[in-house]
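K.L.:
Counting in the numbering used here, the sequence shown runs from 76 upward without gaps. All residues carry an ideal CB built from backbone N, CA and C; glycine is no exception.
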Amino acid sequence: MKLPTSITTLIAGILVTLISLWYGQNHGWMPEAASREAPLVDNLFNVMMTIATALFLLIQGALIISIIKFRQKPGDNTDGPPQEGDIGLEIVWTAIPVVIVMVLSIYSFEVYNEMGGLDPAASKDPGPQKTAVVPGTAMAATLPGQEKLALGVGVPPNLQGNNAIVNVDVLGLQYAWIFTYPDSGVVSGELHVPTGQNVKLNIVAQDVIHAVWIPQFRLKQDAIPGRDTQLRFKPEVAGTYPLICAELCGAYHGAMRTQVIVHTPEEYDEWLQSQIAAKEQGDGLTIAQIMADNDNRLARHTQDWNISPEAIAALQEMPHSLDSHHLQHL
Ligand SMILES: [Cu+2]
């Protein structure tokens, strides 16, 4: 029995749709989603994955069917039929990608907005917002004398007016991250945050451009010398996650990574109190200790990588490397 082409095409279409919809939700390519922002990004990614799977199946399917069905028959040395252009086909295969790209760009813009990427007030909390709304537009205007707009992910539209509960100053430098908690003066080489609370990272770079990347939060933001950037987020799942420099920043860029430790609020308070107590007794971490620690870690890496001590010494003499002069400015 031979099914008519329209029926086989319909069945193939249904199969491709079902497989794509299933795989779009079950690809397992993303790490754990540990922040309020993560599901927004994941939903967008799943839509892209669904479309990509359908395209993959259609194109590879057509290719394989063509290879088998239209292959050269034994003894047939004639040319294939000449194919001229097909206006209808060309309109279709132009229109479909245009629609897909438009939908994805509008959707991703919406996700960025929902995460706070378009934070019109460029939240600088605490303190009142010094912005005004220009009549007739939905855009906020900067008043004269206001600070430069903050770059990065700010307050989502539905959370306007909420100040961050946890503020952390983040300094990126070759090749370490240093986290300072301005309310208590605690300094750490790892980022500690509590679940369920709004966190704001105030990010600066000391030497070159770095980037804070926390894959489990689906967030990434450049750290730029001379220009403040920010990341606002809400951790939701307790755990330990990597924080990685995502901007090639020098010879040891690959080793510029640390950890984010998401505590429950009680554990977080315990950690903070213990750090404050250690600081008061004079054995809290200092920036110099964090850097020394980091240098030891780099030294271990360089042994694994078979890099000579001379090469390391040469690197340490490079103008951007950290010296006591830089430390005095911190
Ligand atoms: Cu870096």
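State yes or no: is the C-beta of Met336 within less than 8 Å of the C-beta of Thr361?
P.N.:
The question names Met, yet the displayed sequence has Ile at residue 336. No, they are not a contact pair.
K.L.:
Check whether the Cβ of Gly301 lies closer than 7 Å to any heavy atom of ligand 1, and answer yes or no.
P.N.:
no
K.L.:
Is it true that the CB of Gln305 sits closer than 8 Å to the CB of Leu323?
P.N.:
no
K.L.:
Return the CA-CA distance between Phe120 and Ser383, expressed in angstroms with no decimal places.
P.N.:
43 Å
K.L.:
Please classify Phe145: does DSSP put it in a helix, a strand, or coil?
P.N.:
coil
K.L.:
With a cut-off of 8 Å on the beta carbons, I'd call Ala298 and Ile278 a contact; round off their distance for me.
P.N.:
5 Å
K.L.:
Closer than 7 Å: is that where the CB of His285 sits relative to any heavy atom of ligand 1?
P.N.:
yes
K.L.:
Spatial neighbours of Trp288 within its chain, please: C-beta separation below 6 Å, excluding the five flanking residues on both sides.
P.N.:
Lys295, Ile319 and Ala321
K.L.:
Let's see if you can read the secondary structure: which residues bound the alpha helix (DSSP H) around Lys77?
P.N.:
First-last for Lys77: undefined, no H or E at that position.
K.L.:
Assess, as a yes-or-no matter, whether the stretch 102 to 122 is touched by the stretch 176 to 194 under the definition of 3 or more beta carbon pairs within less than 8 Å.
P.N.:
With three or more CB-CB distances shorter than 8 Å, the stretch 176 to 194 counts as touching the stretch 102 to 122.
K.L.:
Out of curiosity, what's the CA-to-CA distance linking Ala129 and Glu159?
P.N.:
27 Å
K.L.:
When the Cβ atoms of the stretch 254 to 273 are set against those of the stretch 346 to 354, are three or more pairs found closer than 8 Å?
P.N.:
yes
K.L.:
In this structure, does DSSP put His328 in helix, strand or coil?
P.N.:
Helix at His328.
K.L.:
Quick one: grab the DSSP three-state call for Trp288.
P.N.:
strand
K.L.:
Roughly how far, in whole angstroms, is the beta-carbon of Ala330 from the beta-carbon of Leu373, given that I think they are within contact range, below 8 Å?
P.N.:
6 Å
K.L.:
Please list, in chain order, all residues of the same chain as Tyr327 whose beta carbon is under 6 Å from its beta carbon, the five residues on each side excluded.
P.N.:
Tyr250 and Leu373
K.L.:
So who's on the other strand from Arg307, going by DSSP bridges?
P.N.:
According to DSSP, Arg307 bridges with Lys275.
K.L.:
Leaving out five residues before and five after Gly228 in sequence, what residues of the same chain have Cβ atoms less than 8 Å from its Cβ?
P.N.:
Correcting the residue identity first, residue 228 is Val in this sequence and not Gly. Around Val228: Glu112, Met190, Gly191, Gly192, Asp194, Leu294, Gln296, Gln305, Leu306, Arg307 and Phe308.
K.L.:
How is the alpha helix (DSSP H) around Asp344 delimited, first residue to last?
P.N.:
Pro340 to Glu355
K.L.:
In whole angstroms, give me the CA-to-CA distance for Ile59 and Val283.
P.N.:
Residue numbering for the chain in the displayed model covers 76 to 405; residue 59 lies beyond these limits and cannot be assessed.
K.L.:
From the DSSP output, which residues share a beta bridge with Ile240?
P.N.:
None; Ile240 has no bridge partner.
K.L.:
Is the Cβ-Cβ distance between Asp368 and Gly247 less than 8 Å?
P.N.:
no
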